[in-house]
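For the sequence shown, my numbering gives the first residue as 20, with consecutive numbering after it. For reference, the structure is listed below as structure tokens.
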Amino acid sequence: MGCFECCIKCLGGVPYASLVATILCFSGVALFCGCGHVALAGTITILEQRFSTNATDHALLSEVIKLMQYVIYGIASFFFLYGIILLAEGFYTTSAVKELHGEFKTTICGRCISGMFVFLTYVLGVAWLGVFGFSAVPVFMFYNIWSTCEVIRSLPANMTASADQICVDIRQYGIIPWNAVPGRACGSALAEMCNTPEFYLSYHLFIVACAGAGATVIALIHFLMILSSNWAYLKDASKMQTYQDIKAKEEQELQDIQSRSKEQLNSYT
């Protein structure tokens with residue numbers, strides 16, 4: 020076998036669907052974790068400077084955000100390892116399907132592991148649907164604030180009194196208590212906040228993080244389809260191997276019977 024034939028054979032054993040799903044999963048998790056971490060830090064800065072000057076009013080929220088940042092580290096580490104495991108499982112099942120007539124044998128343990136990955140990926144997909152929905156909440160909040168700022172900017176310059184009556188009360192979202200001071204931003208203060216780098220960066224990072232969560236959901240659905248298909252292939256491969264083993268055993272028994280018959284016939288003659 021030449022070099023070209025060897026390369027073609029190696030490329031034929033690559034699970035391209037699993038490879039694409041792994042890249043999509045890594046990209047989505049990286050966007051969600053990286054952008055979400057920075058956006059949460061910017062949210063705390065905006066909250067402390069614009070809506071809650073007393074640290075005790077948002078102490079619980081600060082602790083929750085710090086906890087979420089640590090959870091993000093765990094999510095990134097887990098999905099990096101899980102993506103590699105699923106890619107390796109894709110290589111395993113691809114080899115199992117392509118080597119049906121060779122020395123490779125699928126085992127009950129291998130099929131159980133594939134079934135376990137199907138179940139675990141399904142659970143993770145459902146969980147990430149919740150994460151995707153949860154990540155849309157800060158995008159909705161920041162969009163409302165940004166839309167209010169656009170209304171203020173669109174007002175004529177001589178209508179300062181009307182501009183001061185346009186406010187954003189962050190307390191209505193339930194993230195800080197009602198006794199927080201000042202709790203809201205109005206008029207020029209609100210417009211100034213929307214022009215700060217913290218608000219602009221956090222808003223767009225939350226959008227990217229939400230998109231990353233959506234990409235992760237798509238990757239997990241892709242993985243689920245691949246794993247289900249590979250598990251079905253392994254099941255068929257197991258049945259084919261059982262059939263071939265029985266057929267080979269019967270052929271061997273038939274040959275033994277024929278050999279004994281010939282020996283008895285020769286001894287008789």
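All C-beta atoms in this analysis are idealised placements derived from N, C-alpha and C, irrespective of residue type, glycine included.
Look at Ala234 and Leu50 and say whether their C-beta atoms are less than 8 Å apart.
Start at 1 with the first residue of the sequence shown, and residue 234 comes out as number 215. Start at 1 with the first residue of the sequence shown, and residue 50 comes out as number 31. It is a contact, given that the beta carbons lie within the stated cut-off.
Alpha carbon to alpha carbon, how far is Glu270 from Tyr35? Give it in angstroms, no decimals.
Walking along the sequence shown from the start, residue 35 turns up at place 16. Walking along the sequence shown from the start, residue 270 turns up at place 251. Cα to Cα, Tyr35 sits roughly 39 Å from Glu270.
Between the Cα of Ser81 and those of Ile65, Asp275, Tyr92, spot the shortest distance and give me the residue it belongs to.
By 1-based counting over the sequence shown, the position of residue 81 is 62. Nearest C-alpha to Ser81: Ile65.
In terms of residue numbering, what span does the alpha helix (DSSP H) encompassing Ala204 cover?
Along the sequence shown, one-based indexing puts residue 204 at 185. No alpha helix (DSSP H) holds Ala204; the beta strand (DSSP E) holding it covers 203-205.
Determine the closest residue to Phe153 out of Leu105, Ala74, Leu273, Cys229, with distance taken between C-alpha atoms.
By one-based count along the sequence shown, residue 153 stands at place 134. For the residues Leu105, Ala74, Leu273, Cys229, the minimum Cα distance to Phe153 belongs to Cys229.
Within a Cβ cutoff of 6 Å, which residues of the same chain sit near His77, ignoring the five residues on either side of it in sequence?
Position 58 of the sequence shown, counted from the first residue, corresponds to residue 77. Hits under 6 Å: Leu66, Ser71, Ile195.
Can you tell me the Cβ-Cβ gap for Thr62 and Ser221, rounded? I've got them flagged as a contact below 8 Å.
Counted from its first residue, the sequence shown places residue 62 at position 43. Counted from its first residue, the sequence shown places residue 221 at position 202. Yes, Thr62 and Ser221 are in contact; Cβ-Cβ is about 6 Å, under 8 Å.
Since Val187 sits in a beta bridge, which residues does DSSP pair it with?
In the sequence shown, counting from the first residue as 1, residue 187 sits at position 168. Answer is Ala204, bridged to Val187.
Applying the 10 Å Cβ sphere with the 16-neighbour rule, what's the burial state of Pro157?
Indexing the sequence shown from 1 puts residue 157 at position 138. Buried, since its Cβ has 16 or more Cβ neighbours within 10 Å.
With 16 as the cutoff for other CB atoms within 10 Å, does Gly121 come out buried or exposed?
For the purposes of this step, residue 121 is taken as residue 102 along the sequence shown, with counting starting at 1. Confidence at Gly121 is low in this model, with a pLDDT of 46, below 50, so its placement is unreliable and the value that follows should be read with caution. Classification for Gly121: exposed.
Just to check my reading of the structure: Asp188 and Gly206 have Cβ atoms closer than 8 Å, yes? What is that Cβ distance to the nearest angstrom?
As a position in the sequence shown, residue 188 is number 169, starting the count at 1. As a position in the sequence shown, residue 206 is number 187, starting the count at 1. So it is not a contact: roughly 13 Å between Cβ atoms.
Look at the Cβ atom of Ile94, then the Cβ atom of Cys44, and state whether they are nearer than 8 Å.
Here residue 94 is taken as the residue at index 75 of the sequence shown, counted from 1. Here residue 44 is taken as the residue at index 25 of the sequence shown, counted from 1. Result no, Cβ atoms of Ile94 and Cys44 do not sit closer than 8 Å.
Taking C-alpha atoms, which residue in Ala74, His56, Val142 lies nearest to Leu243?
Position 224 of the sequence shown, counted from the start, is the residue given in the question as residue 243. Taking only the C-alpha atoms, the option nearest Leu243 is Val142.
Looking at Gly47: is its Cβ nearer than 8 Å to the Cβ of Gly231?
The residue given as residue 47 occupies position 28 in the sequence shown. The residue given as residue 231 occupies position 212 in the sequence shown. A contact, by the Cβ cut-off of 8 Å.
At the level of alpha carbons, what is the spacing between Leu224 and Ser133?
Counted from its first residue, the sequence shown places residue 224 at position 205. Counted from its first residue, the sequence shown places residue 133 at position 114. Rounded to the nearest angstrom, the two C-alpha atoms are 36 Å apart.
Close beta carbons around Met87, own chain, < 7 Å, minus the five adjacent residues each side:
Walking along the sequence shown from the start, residue 87 turns up at place 68. If we look at Met87 and ignore the five residues flanking it on each side, its Cβ neighbours are Leu59.
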